[in-house]
Amino acid sequence: MSTQKAFDPFDLSASQEDWDTSRSGSVNITPRNASSTNAHDVNSNPSMDSNDSFDPFGIATLSQTPNAGIRSASDDPPTRRPREDSPSTPPEVNRVTRQSVPVTALPPKLVLKLTMYEEVSSQARIEADGTLSSNAAIEGSVYAQVQCSDGRKNAPFALATVDPDFSVRPNQKFLWNDATMNNNAFAVHIPKPELGYVPVAHYSLTKEVQHLPVLLERKVTVQDTSCRLAVQVRSKLTNSGDIEDLTIVVAVPERVNGDSIEISRGEGVWDELKRTIQWKLKALETGQSFMVSAHAKLWKPAQEDDDIRFPPLI
1 MSTQKAFDPF
11 DLSASQEDWD
21 TSRSGSVNIT
31 PRNASSTNAH
41 DVNSNPSMDS
51 NDSFDPFGIA
61 TLSQTPNAGI
71 RSASDDPPTR
81 RPREDSPSTP
91 PEVNRVTRQS
101 VPVTALPPKL
111 VLKLTMYEEV
121 SSQARIEADG
131 TLSSNAAIEG
141 SVYAQVQCSD
151 GRKNAPFALA
161 TVDPDFSVRP
171 NQKFLWNDAT
181 MNNNAFAVHI
191 PKPELGYVPV
201 AHYSLTKEVQ
211 HLPVLLERKV
221 TVQDTSCRLA
231 VQVRSKLTNS
241 GDIEDLTIVV
251 AVPERVNGDS
261 IEISRGEGVW
271 DELKRTIQWK
281 LKALETGQSF
291 MVSAHAKLWK
301 PAQEDDDIRF
311 PPLI
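Each step along the sequence shown adds one to the number in the UniProt record's numbering, with nothing skipped, and position 204 is 204.
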């Protein structure tokens, strides 16, 4: 009975002697299950003889020259590839020195506030032809307040009147250079210590008016410490149209306690700073009238000869 040889294309079942005689070279390969004093540990790498010619990956060379095939980025100096579109030489730049730029100081900032106080009086008369005319007189004052960014002095300013019929008298105390610019304009300079409103000019105008559009009637009643004010405005029948955006302003004297003011009729607004009561009406039709009223308390009882006035303005 013949014994068949198992399929072993790599001749793994050959003995140790057959392996040694069939291979050329001096590389000794020891099977893992062989018991020999020269056997390596399982975790250690097998020894490699330099005479072994079978070395397709160059392991023997790497072991002799470690890191021979590895190049570090720091071995060669870095090179930068120039851009093709960049010029070879930088363009010329005109640099402006600090000395070549003129430095000029900005003019001071000036904030000018103006307020006007005006009184109007008229006297009606009937002409020979039966027409009604009035002689109107206007007396007014201009007050100014200046806020200037210059800490040493305030900048001057000029005032001019548009209507040449006005007669303007500037306040000599605040007149700049003691001279007017022309008949209708003058320069004003307010000193730095002046913080509030100061009178800078007075003006007046007298004019003949053929037709006044409204009639105004004011009535003040005072009893002990109580006072009552009533103002009525009527549009004339001869007006060609309605009166629009009508405003009635009444100045309250210092003798009246401002905290006690109450509006009795109309949508009035009390201004504590200006000490005025103001009523506004969008429109007043021809021939119609509009009445407003208010009452307040006096600081002390009024005497019989006391004349407490509430000047109205329209």
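Yeah, the Cβ is synthetic: ideal placement off N, Cα and C, and Gly gets one too.
Asked: May I ask you to verify whether the stretch 167 to 176 touches the stretch 197 to 213, counting CB pairs closer than 8 Å and requiring at least 3?; Found: yes
Asked: Helix, strand or coil for Lys297, going by three-state DSSP, please let me know.; Found: strand
Asked: DSSP state of Lys207, grouped into three classes?; Found: strand
Asked: So, with DSSP's three-state summary, where would you put Lys282?; Found: strand
Asked: Are there three or more Cβ pairs, one per stretch, closer than 8 Å when the stretch 226 to 242 is compared with the stretch 282 to 289?; Found: yes
Asked: Quick check: what's the CA-CA separation for Trp270 versus Gln278?; Found: 7 Å
Asked: Taking C-beta to C-beta, are Gln147 and Tyr197 nearer than 7 Å?; Found: no
Asked: Which full runs of the beta strand (DSSP E) of 3+ residues lie inside the stretch 159 to 202, going along the chain?; Found: 167 to 170, 175 to 180, 185 to 188
Asked: Helix, strand or coil: how does DSSP classify Leu215 here?; Found: strand
Asked: Going by DSSP, which residues form a beta bridge with Ser240?; Found: Per DSSP, none; premise fails for Ser240.
Asked: Compute the beta-carbon to beta-carbon distance between Ser264 and Ala296, rounded to the nearest angstrom, for a pair I have assumed lies under 8 Å.; Found: Not confirmed; about 10 Å, so no contact.
Asked: So Ser141 and Tyr117 are supposed to be a Cβ contact under 8 Å. How far apart are they, rounded?; Found: 5 Å
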